[in-house]
Amino acid sequence: MVQHFSPPKSLHSNRLGAAFYGRPTAVVAKELIGKALLHHVDGQWLGGWIVETEAYLDQGDPASHSARGKTASNASMFSDPGTLYVYPIHAKHCLNAVTQPADQGAAVLIRAIEPVWGLDVMRRLRGYDDVRRLTRGPAMLCQALQIDRGDDGRCLVSDERIGVFTDSIPRVPVIRATKRIGISKAKHRNLRFVDVNSEYLSRKVE
DNA sequence: TAAACGATCTGCT
DNA sequence: GCAGATCGTTTAT
């Protein structure tokens, strides 16, 4: 089967704008499920369908990087909605989309996507042939999409080479809210959103 | 400036 | 399922 390296034209005309991101974080996190995350690298689009996200809130959320205020390292989290916030952890990276009005310090962590565009490039970047090992976790998908700290602060709304898109034929994910993964504070909150039918979740739904 | 921690991943059992 | 690797950022001394 022929692999196509550019997303359908319908995606180009349906980029999510600032109005999408500038809303309550849990709403944005839920509605990002089923949208396409795409990064243009070396003449090719890399990306796929978002199947797992987590909301990190501006107030009363001790698990959020913004909980103790703005610092040099989390500054982009306080930027305009639609800004990319990329942070380093365990010698790897994770990516977020900033939400709500600027300066509030809220964002959505994109934890997993179903790989679709640029599969062979993503295989090379990850070092694995199995598609199941390409984008099944927040640090995996950053590596597969060639996103690191240097991409922190880019704009998902205006940067032509990176963004989130809808399709003219909308996917209809079955969405469920669960507890967030890997945090030690505010464990009880159901702020992780998954497409329960996806084969590409970082962990199974309980 | 030393120590601990973390929104993780991998390989091995 | 679990232990170990890994390194930037934060917190403690």
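Numbering-wise (this note's numbering), the first sequence opens with residue 571 and increments by one. Yeah, the Cβ is synthetic: ideal placement off N, Cα and C, and Gly gets one too. Note that the structure is a prediction, hence the values are computed from the model and not measured.
Remark: C-beta atoms of Ile-603 and Asp-765 approach each other more closely than 8 Å. Beta-bridge pairing by DSSP links Gly-618 to Leu-607, Pro-685. Glu-601 sits in a helix when the DSSP states are folded into three classes. A Cβ-Cβ distance of about 16 Å is found for the pair Asp-721 and Val-678, leaving them out of contact under the 8 Å criterion.
Here the alpha carbon of Gly-592 sits roughly 21 Å from the alpha carbon of Pro-632.
According to the DSSP assignment, Tyr-591 belongs to the alpha helix (DSSP H) that extends over 588 to 591. Pairwise C-beta distances place the stretch 647 to 654 out of contact with the stretch 683 to 702, as fewer than three of them are shorter than 8 Å. Burial check for Gln-629: the Cβ neighbour count within 10 Å stays below 16, so the residue is exposed.
If you look at Pro-577, you'll find it isn't in any beta strand (DSSP E); DSSP assigns it neither H nor E.
Looking from the CA of Thr-653, the closest CA among Trp-687, Gly-723, Glu-624 belongs to Gly-723. Arg-694 counts as exposed, since fewer than 16 other beta carbons sit within 10 angstroms of its beta carbon. Rounded to whole angstroms, Gly-613 and Ser-580 show a C-alpha spacing of 19 Å. Around the Cβ of Pro-671, a 10 Å sphere holds fewer than 16 other Cβ atoms; the residue is exposed.
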